[in-house]
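In the working numbering, the protein residues as written are 361 to 414. Note sheet for the following structure.
Written out as structure tokens, the structure is:
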């Protein structure tokens, strides 16, 4: 007869719980998302191309 503890450890439910727990820990420990860089609505739509100094 298989060991009941072993049966629990290899069950799909145990795997799902451990996976969710690991993902939750990784998510909480992650660096915060960088700020979103949105275009400036007041900026000129067609900026002048850079000129070469001679």
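Idealized CB from N, CA, C, for every residue including glycine.
key: Reduced DSSP category for residue 364 - H, G, I as helix; E, B as strand; rest coil   = Counting from one through the chain shown, the residue named residue 364 turns up at place 4. In the structure shown, residue 364 sits in a helix (DSSP, three-state: H, G or I).
CA-to-CA distance, residue 385 to residue 402, given in whole angstroms = Taking the first residue of the chain shown as 1, we reach residue 402 at position 42. Taking the first residue of the chain shown as 1, we reach residue 385 at position 25. Going from the Cα of residue 402 to the Cα of residue 385 covers about 41 Å.
request  = Alpha carbon to alpha carbon, how far is residue 378 from residue 368? Give it in angstroms, no decimals.
outcome  = By one-based count along the chain shown, residue 368 stands at place 8. By one-based count along the chain shown, residue 378 stands at place 18. Taking the straight line from one Cα to the other gives about 12 Å.
Residue 373 versus residue 388 - alpha carbon distance = Within the chain shown, numbered from 1, the residue matching residue 373 stands at position 13. Within the chain shown, numbered from 1, the residue matching residue 388 stands at position 28. C-alpha separation (whole angstroms): 22 Å.
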